[in-house]
Each structure stands twice: as C-alpha cells, then as structure tokens.
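One point on numbering: in the working numbering, the residue at position 94 of the first sequence is 996, and numbering is uninterrupted. Some notes on the structure that comes next.
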Amino acid sequence: MPELPEVETICWRLREGGQGEAPLRGRVITDVALADPGVVDGDSAAFVDGLRGARVQDIRRRAKWIIIDVDDRGGRRRRVLVHLKMTGDLHVRAGDERPRFERFAWELDDGARLCFTDPRRFGHVELLAADDDVEARFTALGPEPLDETFTARALRARLTGRRPIKASLLDQAVVAGVGNIYADESLWLARLHPTTPTNALSDDEVVRLHHGIRRALRESIAQSREALAWRYENRAAPSPFRVYDRAGGPCLRCGTTLSTTTVAGRTTVFCPRCQPPP
DNA sequence: CACGAGACCTGTTCGC
DNA sequence: TGCGAACAGGTCTCGT
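Structure (structure tokens):
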C-alpha cells in the first residue's frame, strides 16, 4: 500500500507508540522469528543472529524505505532497511498475537513483538553490514519532496524527456516517495493531464505541480490516521483521496465524471475537464 | 538513451 | 453460490 505518507506514518507510529503500541525506540530484540526466510535480502541466518540482543535506537524514512538504526549486542551500530512494496506493514503487537501473513517478527524485551506482515510477499528486509554506508544505497533517489530544498526550480531541473508527466512522478529518481496514488492526487491539484509530455510543462505548470505534490503529501500525513484506517480497516469510510479510487464519481471541483486511463502501465484517474489533454 | 512491458507473488473483488 | 479473470499501492530487468 504504502507511499511516502503511509511510510512516514508507520515510522512515526513505531517511534512514538500509540494505538495501543509501545514506542519501539529503546527496546531490545530478544529473538527473531523468521516465518518466511524469503523476505530477507542476503544471509537470513546472519539477519537472525545479528539482531539477537540488539537495541533499537531510531526509526527513520527515506523515500519509501524504512531505516531502523540498532546497536547490536557488541555495541556496533547497524541498520535495517525495510521496503513494504505493495502490501507490507510493520507494527507492534502483543506477544501472544500471530497476525495473518507474518513474514518475520522481533521478540522485544517488553514482551511485545514487532511484526512484518505482507500477503503478497513483495516486501523485503535487509540487515546491512556494520561498515555499510546507508546513504550510498540511496544515491539514485531523487530529493525528498517535503524538504525545504525541494523547490519548484529543483523539480524543473529533473523534469526531462518527453515521457508522460505521470511516468516522471513515478520515477523515484525524479521525486522520492511518490507512487500511483499521490501522482494522481498531485496532478489533479495541479490541473495537469497525466499524459502531458514532461518537457512540455510551462514554468507556471511546474510551480503548480510542485505545489500539488507537497500539498497532497502534507495533507495526507496530517490525516494519516484516517488514511490508514481507510486502507487497512474500513473501506466503507469516506475516501481521503481526491481522485484515486473515485473513477466514475464526480470531480470534487467541477462535478464532471472522473475518467480512468492507463499511463506507464498504471491505472490513472483524472478529471477530463479540470485536467484537459495537452 | 529513454521508455514501456513484463516479472515478481498472492489475496481480493468482479462478472458471468 | 461458485468459479475463473482481472486487478492491486512498487521496483527491477530486459527488450525495443
């Protein structure tokens, strides 16, 4: 499921606790339960052994990656990278719970467990070597769209080629963390048709797109509880999204029926009136 | 080189 | 109600 706002919210939830969960920071991993060794990149035995006795120091996000800093039982700083891909989730559960689709879990010193669940098994986890440079893993990623340094000018500089603008938004080297949902949300806010050639955007359109990306992501993080509840628990609740999953319904701005098309192989929803073809 | 299609997996939803 | 087909938020790899 997760794009930048959902991954950000999961990191926040793990860091701060809440919703019945205790904060993960400071917990010691007493054991590792590996229900599906296939989710571990690299040596799965080293993953289990390297984390046993480790203490969690921090949980961070870069693009759609979750980075967990731990100090292993020898006191060395190690990093765990988790990518949730389409259907992964990471959450703290009571010690006696065994969630459906659990792939691995860390048994914690307070009796709880950090569970990684993923029905589709696209997600992966990796324990980096002690001397591995985390940042080096992410050099191909574009800027964080919510950073102060991500300006309209910075966006413009990366918008090259004549592929559809939606394909560019899905490219993690252009903007890190945007996926199919927030690409559609951003383009609707910017009133841009998803197939507009990237290099045909005017300066004004780039400014609108820059604004749309940041607004869509910021507002989703702010409403993250709703978004998560909608995603995971209650599809009957009102959709927190402006166009995603609303095909066939009315545009929230002009009432025109929202259309779908396929761009870059992905289902794409847009308003044919607010977002006229290029 | 740039771009799109296919592959990776499996659960859920849709249509007959 | 049952069953197969279509579809799903991401990212790599490969072929054109």
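Glycine residues also receive a C-beta, built at the ideal position from the N, C-alpha and C atoms.
Pair within 8 Å by beta-carbon distance, residue i and residue j
i     : j     : result
A869  : R1110 : Shown here, the chain extends from 903 to 1180; a query on residue 869 therefore has no answer.
V982  : V994  : no
E1028 : D933  : no
Rounded C-alpha distance that separates residue i from residue j
i     : j     : result
R1060 : R1000 : 44 Å
N1101 : S1070 : 10 Å
W1132 : I1123 : The predicted position of W1132 is uncertain, since its pLDDT is 49 and thus under 50; a value taken from the coordinates is nonetheless stated next. Their backbone Cα atoms lie some 14 Å apart in a straight line.
V958  : E1009 : 12 Å
F1006 : E1087 : 33 Å
D991  : E908  : 10 Å
N1082 : D1106 : 23 Å
V1108 : A1149 : 25 Å
K987  : G1025 : 5 Å
Y996  : R979  : Note on residue identity: the sequence assigns Ala, not Tyr, to residue 996. Cα to Cα, A996 sits roughly 27 Å from R979.
L1160 : T1062 : 28 Å
D858  : P925  : Because the chain spans 903 through 1180 in this model, residue 858 falls outside it and cannot be assessed.
C894  : C1176 : Here the chain has residues from 903 to 1180 only, and residue 894 is not among them.
Continuous alpha helix (DSSP H) stretch holding residue i: start and end
i     : result
A935  : That residue, A935, is in no alpha helix (DSSP H); its beta strand (DSSP E) goes 931 to 936.
E923  : Note, E923: premise wrong, no alpha helix (DSSP H); not H, not E.
T1062 : No alpha helix (DSSP H) holds T1062; DSSP gives it neither H nor E.
F949  : 946 to 953
D1105 : 1105 to 1124
V1036 : 1036 to 1039
Local conformation of residue i per DSSP, three classes
i     : result
G940  : helix
R1133 : Because R1133 sits at a pLDDT of 49, beneath the cut-off of 50, its placement in the model cannot be relied upon, and the following sentence gives the value as read from the coordinates. R1133 falls in the helix class under three-state DSSP.
D991  : strand
E1087 : helix
P1099 : strand
E910  : helix
R915  : helix
R981  : strand
R1093 : coil
R957  : strand
R1144 : coil
R1055 : helix
Host beta strand (DSSP E) of residue i (start-end)
i     : result
L1072 : Segment 1067 to 1072 is the alpha helix (DSSP H) holding L1072; no beta strand (DSSP E) there.
E1004 : 1004 to 1010
S1161 : 1161 to 1165
E1050 : First-last for E1050: undefined, no H or E at that position.
F1172 : 1168 to 1172
T1019 : 1015 to 1019
L1192 : Residue 1192 lies beyond the range of the chain shown here (903 to 1180); nothing can be said about it.
V972  : 967 to 973
Taking three-plus beta-carbon pairs below 8 Å as touching, is the stretch 1023 to 1032 in contact with the stretch 947 to 965?
The stretch 1023 to 1032 makes contact with the stretch 947 to 965, as at least three CB pairs between them are under 8 Å.
Cβ pair count under 8 Å reaching 3, the stretch 1061 to 1081 against the stretch 1157 to 1171:
yes
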